[in-house]
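Student:
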Amino acid sequence: MHDYHGYAKAPRPFLPLIAIPTTAGTGSETQSFTLISRDGSHEKMACGDPKALPRIALLDPELTATLPRATATLSGLDALAHALESAVCTKRNPVSALFAESAFRHLASALGRVVTGNPSADDRAAMLLGAALAGLAIENSMLGAAHASANPLTARHGIVHGHAVSLMLPSVLRLNATTPAAAALYAHFATLLPVPGTTPADLIAWLENTLAAAALPPVDARPFDFAALADDAARQWTGKFNPVPLQPVDFAALYRRALAV
Ligand SMILES: [Zn+2]
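Those letters in the sequence shown? Residues 447 to 707, by the numbering used here.
Below is the structure:
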């Protein structure tokens, strides 16, 4: 698989691919990238090729009916992060913005019941559609600092991707909200919430309430090597597109704020 690490490394045509997701999270069914963990280092290798984009994505909420609560929660929170990070990243454009907003609208409508373990069939349909649209938002733009800082937590400490992203996302939103453009977008997204808000603070409060309801297991970050994590985060490709640029020292401060150390 390492031969395909990077972009457009596949020399020959692919067979047509029909993708049928059984979780509502990655949005891989609408992307030309796949993420494979490397044996040994657990480094996430992004392997992308335009030929790898599925021809068809079939979204069937029957297939997520038996998803365990923890898996539905963590994959749903990851999809939410995809919508929120692609919405404000420096590669955002009118096409990705439409996908990100539509993704957020669907995900926010259902996530509150997903994280408490009682989603309806309509909620599961909204989550699948939201995750696929968020995948399209990424395909047409990029991600940001929550993913850049989450990936080293997964690689070094085995924290599940959706959990790692959820740990970092509120602090990244607070940081990005210091820029007028991201603040305006967050304020707009707040108006799309089930109980509409008007400010970035309303969006962040909704996210933190959702995370509290999800009751993710606590992480004791005191033994973590923040300098090493920050160096890894600063090398992540996705971090280069965050609306607020971060150096290793900024990532170290972000980790301490997010992980309350
Ligand atoms: Zn993700």
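Glycine residues also receive a C-beta, built at the ideal position from the N, C-alpha and C atoms.
Quick caveat: nothing in here was measured; it's all calculated off a predicted structure.
Exposed or buried, which one is Met614 when buried takes at least 16 other CB atoms within 10 Å?
Tutor: That one is buried.
Student: Do you know whose CA, among Glu489, Ala571 and Gly471, lies nearest Leu526's CA?
Tutor: Per the Cα distances, Gly471.
Student: Run through the DSSP bridge pairs and tell me what Ser483 is partnered with.
Tutor: Answer by DSSP bridge pairing, in chain order: Lys490.
Student: Leaving out five residues on either side along the sequence, give the residues of the same chain with a beta carbon under 7 angstroms from the beta carbon of Thr656.
Tutor: Correct list, in chain order: Leu557, Gly558 and Val561.
Student: When the Cβ atoms of the segment 481-489 are set against those of the segment 539-551, are three or more pairs found closer than 8 angstroms?
Tutor: The segment 481-489 vs the segment 539-551: no contact.
Student: Taking the CB atoms as reference points, tell me whether Val690 and Thr645 lie closer together than 9 angstroms.
Tutor: Their beta carbons are not under 9 angstroms apart, which means Val690 does not touch Thr645 by this criterion.
Student: State the Cα-Cα distance for the pair Leu638 and Ala546, rounded to the nearest angstrom.
Tutor: About 12 angstroms.
Student: Note down the Cα distance separating Leu463 from Ala503, rounded to an integer number of angstroms.
Tutor: Going from the Cα of Leu463 to the Cα of Ala503 covers about 9 angstroms.
Student: I believe Val611 touches Asp666 by the beta-carbon criterion, under 8 angstroms. Please report the beta-carbon distance rounded to the nearest angstrom.
Tutor: With 8 angstroms as the limit, Val611 and Asp666 do not qualify as a contact, their Cβ atoms being about 19 angstroms apart.
Student: Quick check on Trp683: buried or exposed, where buried means 16 or more other Cβ atoms within 10 Å of its Cβ?
Tutor: Trp683 comes out exposed.
Student: Would you mind working out which of Thr468, Pro467, Leu520 and Arg501 sits nearest Ser478, comparing C-alpha positions?
Tutor: Among Thr468, Pro467, Leu520 and Arg501, the Cα nearest to that of Ser478 is on Arg501.
Student: Leaving aside the five residues before and after Asp569 along the sequence, list all residues of the same chain whose C-beta is less than 8 angstroms from its C-beta, in chain order.
Tutor: For Asp569, where only same-chain residues beyond five positions count, the Cβ hits under 8 angstroms are Ser555, Ala556, Arg559 and Val560.
Student: Please determine if the segment 593-603 and the segment 511-523 are in contact, where contact requires at least 3 C-beta pairs separated by less than 8 angstroms.
Tutor: In short, these stretches do not touch, since the Cβ pair count stays below three.
Student: Given a cut-off of 9 angstroms, decide if Ala704 and Gln693 are closer than it, judged by their beta-carbon atoms.
Tutor: No, they are not a contact pair.
Student: Between the Cα of Leu544 and those of Ala572, Met573 and Leu582, spot the shortest distance and give me the residue it belongs to.
Tutor: The shortest C-alpha separation from Leu544 is found at Leu582.
Student: Looking only at DSSP bridge pairs, what is Tyr453 linked to?
Tutor: Tyr453 is bridged to Gly494.
Student: Out of curiosity, what's the CA-to-CA distance linking Ala498 and Ile466?
Tutor: Approximately 14 angstroms between the Cα atoms of the pair.
Student: Verify the contact flag: Gly563, CB atom, against every heavy atom of ligand 1, threshold strictly below 8 angstroms.
Tutor: No, Cβ of Gly563 sits at least 8 angstroms from all heavy atoms of ligand 1.
Student: Who are the near neighbours of Pro565 in its chain, counting only those whose CB is closer than 8 angstroms to its CB and skipping five residues on each side?
Tutor: These residues qualify, in order along the chain: Ala518, Ala556, Arg559 and Met573.
Student: Excluding sequence positions up to five away, which residues of its chain have a Cβ less than 6 angstroms from the Cβ of Gly494?
Tutor: Result list for Gly494: Tyr453, Ser478 and Phe479, in chain order.
Student: Could you pull out every residue in the same chain whose Cβ sits closer than 8 angstroms to the Cβ of His451, ignoring the five residues on either side in sequence?
Tutor: Closer than 8 angstroms at the Cβ level, and outside the excluded window around His451, lie Met491, Ala492 and Cys493.
Student: Taking the alpha helix (DSSP H) that Asp678 falls in, what are its first and last residues?
Tutor: Phe672 to Arg681 is the extent of the alpha helix (DSSP H) around Asp678.
Student: Please list, in chain order, all residues with a C-beta atom less than 6 angstroms from at least one heavy atom of ligand 1.
Tutor: So the residues near ligand 1 by this Cβ test are Asp524, Ala527, His528, His593, His607 and Val611.
Student: Using a threshold of 9 angstroms, state whether the C-beta atoms of Ala529 and Gly576 are closer than that.
Tutor: Yes, the pair counts as a contact, with Cβ atoms nearer than the cut-off.
Student: Please report how far the alpha carbon of Glu531 lies from the alpha carbon of Pro616, in whole angstroms.
Tutor: If you take the alpha carbons of Glu531 and Pro616, they lie about 11 angstroms apart.
Student: Measure the Cβ-Cβ separation of Ala674 and Arg602 and say whether it is below 9 angstroms.
Tutor: It is a contact, given that the beta carbons lie within the stated cut-off.
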